[in-house]
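There are 2 protein chains.
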Amino acid sequence: MKLAELGEFGLIDRIKANVAASPSVLLGIGDDAAALVSTPGQVTLITSDMLLEGVHFDLSFCDPRTLGRKSLSVNLSDLAAMGARPRHFLLGVALPREIPLEFMDGFMAGMLEQAERFGATLVGGDTCASKGGVAISVTALGEQRPELVLKRSGARPGDLICVTGTVGDAAAGLNELMRGAREGFLASRQLDPTPRVEAGVALAEAGVASAMIDVSDGVLQDLGHICELSGVGARLELSRLPLSDEYRAACGADPYALALSGGEDYELLFCIPAAREAEVGRICAGLGLRVSVIGEVTGGSTIELVAPGGTPYTAPRRGFDHFGSD
Amino acid sequence: MKLAELGEFGLIDRIKANVAASPSVLLGIGDDAAALVSTPGQVTLITSDMLLEGVHFDLSFCDPRTLGRKSLSVNLSDLAAMGARPRHFLLGVALPREIPLEFMDGFMAGMLEQAERFGATLVGGDTCASKGGVAISVTALGEQRPELVLKRSGARPGDLICVTGTVGDAAAGLNELMRGAREGFLASRQLDPTPRVEAGVALAEAGVASAMIDVSDGVLQDLGHICELSGVGARLELSRLPLSDEYRAACGADPYALALSGGEDYELLFCIPAAREAEVGRICAGLGLRVSVIGEVTGGSTIELVAPGGTPYTAPRRGFDHFGSD
């Protein structure tokens with residue numbers, strides 16, 4: 318069955334049928350706007366990301382279900398980086414009229430299973446025809462007490478710089494996918510990232526972090542955002558970068574270049590006072606999540622990279638810029 | 318200057334510099350998510366719309382500033398249809414790398430002037446490269462007391478059906494634009510609609526309407542949404558449809574077809590108890606806005622169309638469906 322046979326309103330009804338009610342949703346899918354009840358004492362955290370076929374994803378690499386999961390995950394990762402609990406989301410999707418209905422069924426199944434896992438309810442959005450490829454826009458809303466929200470600003474000289482999980486996997490996975498791989502650890506890190514929602518909330522509620530961001534544009538660029546907004550510098554010890562065995566096997570002669578510049582790992586990068594290192598280790602261990610100290614915040618204005626043995630290292634590439642020339 | 322020279326983060330800084338602070342925005346553009354403070358006792362109304370080049374707009378018809386205004390207006394119109402006051406919005410925009418920076422400057426100037434007029438603050442979003450045309454996604458947030466929110470459900474048999482302004486202009490304007498016109502009343506109704514924000518809020522706060530929607534897909538289709546969700550039917554008297562002189566001059570032999578099926582007028586279509594007709598007239602007159610009673614809600618399940626003289630009328634076309642066959 319093609320979308321054109323179902324029609325726009327048939328598609329909306331089909332999506333709506335799979336969405337459960339939630340007490341905070343006064344009015345969900347099907348009116349001009351959704352009506353949401355806020356939790357007293359909490360602020361709303363809101364973020365929006367577009368994903369375009371041919372730019373952010375390639376339908377020859379990923380099945381619809383995985384794409385549905387990732388489209389929500391990248392937004393939940395932004396909420397996690399603020400320490401917010403996901404609550405609601407909206408989905409805008411532009412589809413070629415001739416796309417099979419199975420595409421949308423798979424996409425929604427993936428998106429709604431990820432939503433359920435992380436406690437987010439679909440409340441509205443927009444469906445329209447595309448004359449180009451598939452275009453997706455997700456807006457996600459979360460909540461947290463205002464004094465616990467973790468910003469990019471707030472890092473102080475002397476703070477330790479921490480990162481969850483391993484870095485560089487998603488970029489190495491994209492290289493493998495482009496060379497024809499369709500499965501494996503690295504490909505799955507690129508296609509189906511796990512937003513670190515529980516860790517973001519736990520770190521915020523423990524009040525241990527001074528600044529936080531998710532690694533979407535690459536460690537170096539994302540740490541650069543923290544430094545710029547906090548008015549600080551940083552020293553990274555490359556020997557401490559958490560690298561997976563699969564990444565090490567795939568990364569070639571220089572293991573640091575892609576781990577520093579590769580985006581889309583969706584790990585959390587955050588700063589903490591040195592005295593709280595053990596507490597952070599316990600929080601992450603309790604969630605079964607690796608955490609590594611990779612450097613220190615400095616009073617300078619640059620990011621100093623230190624290779625094993627103490628020699629300075631110059632990154633060949635900084636990170637991802639949508640309009641940049643490389 | 319091309320976008321590629323400015324870069325993604327330069328573009329974000331350039332947009333941010335033109336956005337004023339607002340007391341309800343704890344954290345605006347530049348972090349992983351924005352942090353918004355809700356007004357106690359109010360619910361959040363949230364809506365999202367995508368606008369795609371070649372589907373929703375044609376850059377040979379419209380200048381960037383007008384496109385910026387319309388991209389926000391269509392979302393504010395959805396908030397107006399709920400009776401909500403606009404508060405915040407997010408903008409996602411995908412741009413070809415070679416687009417001149419002047420495009421984005423004009424687009425943002427139009428969007429931010431419309432935002433200021435209607436009291437909405439830009440708080441975040443996403444910028445990315447497009448390999449196709451320009452793609453825009455706006456998510457708008459408003460507030461209202463929960464008991465005043467106007468839904469599509471709620472119309473009762475015997476209610477009068479009202480519409481603000483005139484209908485069919487935007488569809489007639491699109492026809493003129495496609496025939497080469499670049500200005501005039503009808504073209505401007507298509508390219509630069511005015512969301513009926515003040516009227517939506519005033520009608521909600523007066524508690525006079527039983528159901529409301531904005532005319533985005535066409536009077537017949539949008540009234541159909543009210544009927545379906547309210548479990549009622551309707552009788553429309555075509556002689557009472559408010560038609561502009563310019564529309565009448567352009568519409569050809571049948572003045573009703575396009576007025577019933579043409580979308581994008583962004584007028585408010587709403588139902589009221591018959592006893593409150595004079596009050597609604599005073600509210601709209603106070604805003605300098607025409608309002609017309611065009612029919613009555615019935616206990617049936619269909620929309621009956623009555624031509625002048627009392628004969629039944631069959632609409633040649635229902636309204637806009639993104640995946641439909643016409």
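For the record, the sequence lines run as chains A and B. Read left to right, the first sequence gives residues 318 to 643 (our numbering). Read left to right, the second sequence gives residues 318 to 643 (our numbering). Where a beta carbon is used, it is the ideal one built from N, C-alpha and C, also for glycine.
Drop a sphere of 10 angstroms on the beta-carbon of residue i, count the other beta-carbons inside from all chains shown, and report buried for 16 or more, exposed for fewer.
i	result
residue 319 of chain B	exposed
residue 469 of chain B	buried
residue 495 of chain B	exposed
residue 349 of chain B	buried
residue 338 of chain B	exposed
residue 626 of chain A	exposed
residue 460 of chain A	buried
residue 370 of chain A	buried
residue 486 of chain A	buried
residue 533 of chain A	buried
residue 511 of chain A	buried
residue 556 of chain A	exposed
Hey, could you find the ends of the beta strand (DSSP E) residue i is sitting in?
i	result
residue 405 of chain A	402-412
residue 461 of chain A	452-461
residue 613 of chain B	608-615
residue 531 of chain B	528-531
residue 552 of chain A	550-554
Tell whether a beta-carbon distance below 7 Å holds between residue i and residue j.
i	j	result
residue 618 of chain B	residue 550 of chain B	yes
residue 444 of chain B	residue 325 of chain B	yes
residue 509 of chain B	residue 386 of chain B	yes
residue 636 of chain B	residue 569 of chain B	no
residue 575 of chain B	residue 489 of chain B	yes
residue 428 of chain B	residue 389 of chain B	yes
residue 585 of chain A	residue 473 of chain A	no
residue 360 of chain B	residue 438 of chain B	no
residue 493 of chain A	residue 503 of chain A	yes
residue 458 of chain A	residue 515 of chain A	no
residue 391 of chain B	residue 446 of chain A	no
residue 397 of chain B	residue 467 of chain B	no
residue 403 of chain B	residue 435 of chain B	yes
residue 609 of chain B	residue 480 of chain B	yes
residue 440 of chain B	residue 405 of chain B	yes
residue 344 of chain B	residue 352 of chain B	yes
residue 471 of chain A	residue 400 of chain A	no
For residue i, would you say it is in contact with chain A, using Cβ-to-Cβ distances shorter than 7 Å as the test?
i	result
residue 333 of chain B	no
residue 324 of chain B	yes
residue 428 of chain B	no
residue 502 of chain B	no
residue 543 of chain B	no
residue 479 of chain B	no
residue 361 of chain B	yes
residue 456 of chain B	yes
residue 495 of chain B	no
residue 395 of chain B	yes
residue 640 of chain B	yes
residue 399 of chain B	yes
residue 439 of chain B	no
residue 462 of chain B	no
Is there a Cβ from chain B that is less than 7 Å from the Cβ of residue i?
i	result
residue 643 of chain A	Any reading at residue 643 of chain A must be qualified, since the residue scores a pLDDT of 44, below 50, and its modelled position is unreliable; the value itself is stated next. No - not a single Cβ of chain B is within 7 Å of the one on residue 643 of chain A.
residue 486 of chain A	no
residue 369 of chain A	yes
residue 521 of chain A	no
residue 386 of chain A	no
residue 636 of chain A	no
residue 432 of chain A	no
residue 547 of chain A	no
residue 402 of chain A	no
residue 580 of chain A	no
I'd like the span of the alpha helix (DSSP H) that includes residue i, first residue to last.
i	result
residue 419 of chain A	418-435
residue 589 of chain A	Careful: residue 589 of chain A lies outside any alpha helix (DSSP H), inside the beta strand (DSSP E) at 585-589.
residue 489 of chain B	486-495
residue 383 of chain A	381-397
residue 516 of chain A	514-523
residue 337 of chain B	Segment: none, residue 337 of chain B is in no alpha helix (DSSP H) and carries neither H nor E.
| field | Meets three-Cβ-pair contact criterion under 8 Å: the region 597-609 of chain A and the region 520-535 of chain A | value | Short answer: they touch.
| query | For the region 542-561 of chain A against the region 607-614 of chain A, are there 3 or more C-beta pairs whose distance is under 8 Å? | reply | By the Cβ test, the region 542-561 of chain A is in contact with the region 607-614 of chain A, since at least three Cβ pairs between them sit closer than 8 Å.
| message | Tell me whether the region 446-465 of chain B and the region 364-374 of chain B touch, counting them as touching only if at least three CB pairs, one residue from each stretch, are closer than 8 Å. | response | Segment contact: the region 446-465 of chain B against the region 364-374 of chain B, three or more CB-CB distances shorter than 8 Å; contact assigned.
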